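These notes are about the structure you will find just below.
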Amino acid sequence: LGVSRYDKFAWIYNELLGRPFTADVREQLGRDFSALVLEKVLSCPFVPGAEATLQALLPRVLLFVASGTPQDELDVIVERRGLRCYFKEVWGSPY
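-4 is the number that the working numbering gives to position 12 of the sequence shown; each next residue is one higher, with no gaps.
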């Protein structure tokens, strides 16, 4: 299993920076990171061949997404990128 982004933030703050990882810092880093991820993922091009592969697979197999990305962010990405139609279910991580 993956490691939560918040656990990574805490480790960086505590171990590398030697600074306390407060609830306020956690919330701010979470918001900033989420905004950056959404901005970059929504604006990046698809990997060449990805859409064609999804179109070819769709009538043949059930497709699912299982991701460590928080569910709410993943839902936004899948919807805005027009990918929902390819997947039976999209599962992200809980907070």
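Virtual Cβ for every residue (Gly too), placed ideally from N, Cα, C.
Note that the coordinates shown come from a computational prediction; the quantities given were computed from them, not determined experimentally.
Inter-residue Cα distance where the pair is residue i and residue j
| i | j | result |
| --- | --- | --- |
| Phe17 | Arg68 | 23 angstroms |
| Gly2 | Leu46 | 47 angstroms |
| Lys24 | Glu63 | 15 angstroms |
| Val74 | Ala50 | 6 angstroms |
| Glu11 | Lys72 | 32 angstroms |
| Arg44 | Tyr(-10) | 38 angstroms |
Cβ-based burial, residue i [other Cβ within 10 Å; buried from 16]
| i | result |
| --- | --- |
| Val31 | exposed |
| Thr53 | buried |
| Val(-13) | exposed |
| Ile(-4) | exposed |
| Leu58 | buried |
Three-state secondary structure assigned by DSSP to residue i
| i | result |
| --- | --- |
| Thr6 | coil |
| Cys69 | helix |
| Gly14 | helix |
| Phe30 | coil |
| Arg44 | coil |
| Val21 | helix |
| Leu1 | coil |
| Val60 | helix |
Beta bridge counterpart(s) of residue i as assigned by DSSP
| i | result |
| --- | --- |
| Trp75 | Ala50 |
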